[in-house]
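Taking it in order: structure first as structure tokens, then the write-up.
In the UniProt record's numbering, the protein residues as written are 1 to 74.
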């Protein structure tokens with residue numbers, strides 16, 4: 001799989017809510033480490049059957065590091 005937008009990229013039990021998601025649950029992002037790949041899926045928790053953004057783990061790690069360094073609130 002290449003990076004991009006896809007559906008059904010991981011089993012339902014592989015998804016977890018990002019610690020950066022909104023506390024009251026209305027703006028939540030879920031993440032899944034995709035089995036047998038070096039990629040992660042990112043999806044809207046309100047649309048579990050909708051598309052997921054698929055990116056390399058290295059891109060996801062760089063994104064999170066940038067957020068931590070600049071103290072953005074997501």
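Backbone N, C-alpha and C fix where the C-beta goes; we use that ideal spot for every residue, glycine too.
{"Check": "Less than 8 Å between the beta carbons of residue 21 and residue 9, yes or no?", "Outcome": "no"}
{"Check": "Do residue 32 and residue 15 count as a contact pair if the criterion is CB distance below 8 Å?", "Outcome": "yes"}
{"Check": "What number of angstroms, rounded off, separates the C-alpha of residue 50 from the C-alpha of residue 7?", "Outcome": "6 Å"}
{"Check": "Considering Cα atoms alone, identify which of 47, 18, 52 and 19 is closest to residue 5.", "Outcome": "52"}
{"Check": "Just to confirm before moving on: does the CB-CB distance between residue 54 and residue 41 stay below 8 Å?", "Outcome": "yes"}
{"Check": "Should residue 49 be flagged as near chain C, meaning a C-beta pair shorter than 8 Å?", "Outcome": "Here chain C cannot be found, since the structure has a single protein chain."}
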